[in-house]
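**Q** Those letters in the sequence shown? Residues 1366 to 1512, by the numbering used here. Ideal Cβ positions, reconstructed from N, Cα and C, are used throughout, including at glycine. Every value quoted in this text rests on a predicted model; they were computed, and no experiment measured them.
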Amino acid sequence: MSEPETAGHKGAPEKEAMEHLALVRTLSHEISSAISAIERNDSADLSTRVAAQEAICLKLNQKSVQALQLACASYRATSESPAESSLWQKIRDAHVALDRLNRIYAGLIKRSQRSIELITGLYRDPGQRYTKDESARPSKHTWSCEV
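1. Assign R1479 to buried or exposed, taking buried as 16 or more other Cβ atoms, counted over all protein chains shown, within 10 Å of its Cβ.
2. Alpha helix (DSSP H) containing D1410: first to last residue?
3. Going by the CB atoms, is the gap between L1411 and I1403 shorter than 9 Å?
4. Quick one: residues in its chain with C-beta nearer than 7 Å to the C-beta of L1473, no 5 flanking neighbours on either side, listed in chain order?
5. Could you tell me the alpha carbon to alpha carbon distance between L1466 and I1484, rounded to whole angstroms?
6. Run the CB neighbour count on A1471, radius 10 Å, all protein chains shown included, and call it buried at 16 or more, exposed below.
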């Protein structure tokens, strides 16, 4: 193979790997931002972040896993320096960080859901039901104190 063909062959897998890395890092950023939105009780920002996460996941799902694996193998085979092979280490590190963030995010969502259930339970008295029938409503209770 001539030099330009080798460079072109190496450039396509590297480009695909860089795009994948950028998407994974962007997804991590969106998850971190969503966690912050939950902490601030900012439902509008949370909705925006979740929509962005869905869009990024769709892009990641559109890319074939086999194509990325072939690109990784091809690029590794043609890498000539440790700096070039560090791209694959960066992808691995990005996936490890994303996995960690996903676990934190899932735990936060689970705790948030449980908190909502507890708060809802506090506001709902199991003995009272909302009905249109006035006779079904309990009488108002008043407190009195004798001295």
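**A** The structure says:
1. exposed
2. S1408 to Q1427
3. Here I1403 is near L1411, since their CB atoms are less than 9 Å apart.
4. I1400 and I1403
5. Cα-Cα distance, rounded: 27 Å.
6. exposed
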